[in-house]
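Notes to accompany the following structure.
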Amino acid sequence: MLRRTRSRATAVTGVLLLALGGLAACGDDEGAGASGAGLDSVTIEGEAGKEPKVSFDGKVAVDETEEKVVSEGDGEEVADGDSVLAHLWIGNGFTEEQAFTTWDSGKPELLTVDDQLSGAIRAGLADHTVGSRVAVAATAEDAFGEAGNPQLGIGNKDSVIFVIDLVGKISTEPSGEEKTPAKWAPTLVEQDGTITGFDFSGAHKPGGKLLETTLVKGDGPVVKKGQTIYVNYLGQVYKADKPFDDSYSKGTPASFPIGVGGVVEGWDRTLVGKTVGSRVILEIPPAMGYGEAGNKGAGIKGTDTLFFVVDILGAA
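Rendered as structure tokens:
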């Protein structure tokens, strides 16, 4: 809803879930399902946080998931239910070739450590600390399901190598110093602890200017132009009865490129320079929202002033 144009889906969409469809086996009968060389036959060079160089000393063949901490970070430990930013390198242990890497885009992937991830990928995330690089070797079935992963060229008899860099955890709520909001701002409406809208009864009448006020000043790093931010947010037209869009009700943070024209101008102008952990309210005049055309799909006219509450939960 916030994007002026639709951007492509996240790079790993569908890749980290169980594979779709079928694929003829690539490995032989003595391949990935048999005992043999595991992570000991894989060399991983480079520092965590930089693209790894992976080389093989022969085909990898494992019959159960192996994991190894290549380098241990000093950040928070990741637990079940956490949302994590991670870079992934994925290789085919039978062909000894790279199958996929998030390093091509330079953007880590947002992953939630839950039952939607395969056990192999969870092994590289859960109980490890932020800043770590973890290697995992698994059968194609343990990694992606019975069919392997046709999208990556991984057959059901192949083995799979993951190199996972844990970049950071995404918070579930703002964290920092609470601030008194400006008098012009509407108040937040909440139900069972979840933000559901704005109450404009005590707010001023919009004057056509871009305004911002901080409710929580985050204690995390500064958001930089060109980063992807991970946020919970709610947007509502001035004096409207209900929001036109929000992520709070979905239970999962949204992600947007910031400062590069990928979202409405009011976001680009206000959120760059804020700190992770912040909660802010924005008043965005029409020219810095959807312009004269408005957004018919959301019921927004070209003269409408937009109000947003935004929780900045992460940036990378």
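Residues 307 to 622, numbered by the numbering used here, are exactly what the sequence shown covers, in order.
Glycine residues also receive a C-beta, built at the ideal position from the N, C-alpha and C atoms.
Nothing here was measured: the structure is a model prediction, and the numbers come from that model.
- Counting C-beta pairs with one atom in each stretch, the segment 417 to 436 and the segment 507 to 514 have fewer than three that are closer than 8 angstroms, which means they do not touch.
- Here DSSP, grouped into helix, strand and coil, assigns serine 438 to coil.
- CA-CA distance, glycine 482 to valine 537, rounds to 15 angstroms.
- Boundaries of the beta strand (DSSP E) harbouring aspartate 471: 465 to 476, taken from the DSSP string.
- Comparing alpha carbon positions, the residue from Asn398, Ala392, Gly459, Thr581 closest to valine 360 is Asn398.
- When secondary structure is reduced to three states using DSSP, leucine 521 falls in the strand class.
- Annotation for glutamate 373: no alpha helix (DSSP H) segment contains it, though the beta strand (DSSP E) segment containing it runs 372 to 377.
- Here the alpha carbon of valine 495 sits roughly 6 angstroms from the alpha carbon of aspartate 505.
- Residue environment: threonine 520 is assigned as buried (16 or more neighbouring CB atoms within 10 Å of its CB, all protein chains considered).
- Three or more beta-carbon pairs separated by less than 8 angstroms are not found between the segment 566 to 576 and the segment 424 to 434, which leaves the two stretches without contact.
- With respect to the C-alpha of valine 440, the residue from Gly499, Phe468, Gly603, Tyr554 having the closest C-alpha is Phe468.
- Between the alpha carbons of alanine 432 and valine 529 lies a gap of roughly 27 angstroms.
- By the Cβ criterion, the segment 439 to 454 is in contact with the segment 369 to 378, since at least three pairs of Cβ atoms, one from each stretch, lie closer than 8 angstroms.
- The segment 486 to 495 and the segment 451 to 458 do not touch, with fewer than 3 CB-CB distances between them shorter than 8 angstroms.
- Within the model, the alpha-carbon separation for leucine 517 versus serine 377 is close to 45 angstroms.
- Per DSSP, tryptophan 490 is not a residue of any beta strand (DSSP E), being assigned neither H nor E.
- The residue among Lys580, Thr408, Ser465 with its C-alpha nearest the C-alpha of glutamate 402 is Ser465.
- Bridge pairing for alanine 453: absent [DSSP].
- A distance below 7 angstroms between beta-carbons, with the five flanking residues on each side excluded, links lysine 523 to the following residues of its chain, in chain order: Gly482, Glu483, Lys485, Thr581, Ser584.
- Nearest Cα to lysine 556 within the set Pro563, Lys545, Tyr539, Gly568: Tyr539.
- For alanine 546 and threonine 611, the gap between their C-alpha atoms comes out near 10 angstroms.
- Burial state of threonine 408 is buried, judged by a 10 Å Cβ sphere holding 16 or more other Cβ atoms.
- Taking glycine 499 as reference, the option from Ala560, Tyr554, Thr493 with the minimal CA-CA separation is Tyr554.
- For isoleucine 427, the uninterrupted alpha helix (DSSP H) run begins and ends at 425 to 429, by DSSP.
- Residue pairing from DSSP places histidine 393 in a beta bridge opposite Asp471.
- The shortest CA-to-CA distance from lysine 356 to any of Val390, Val384, Ser411, Asp346 is the one to Ser411.
- A straight-line Cα-Cα distance of about 33 angstroms links glycine 541 and glycine 381.
- Between the alpha carbons of glycine 579 and glycine 461 lies a distance of about 46 angstroms.
- If the five residues before and after lysine 548 are omitted, its C-beta is found closer than 8 angstroms to the C-beta atoms of Gly503, Gln542, all from its own chain and listed in chain order.
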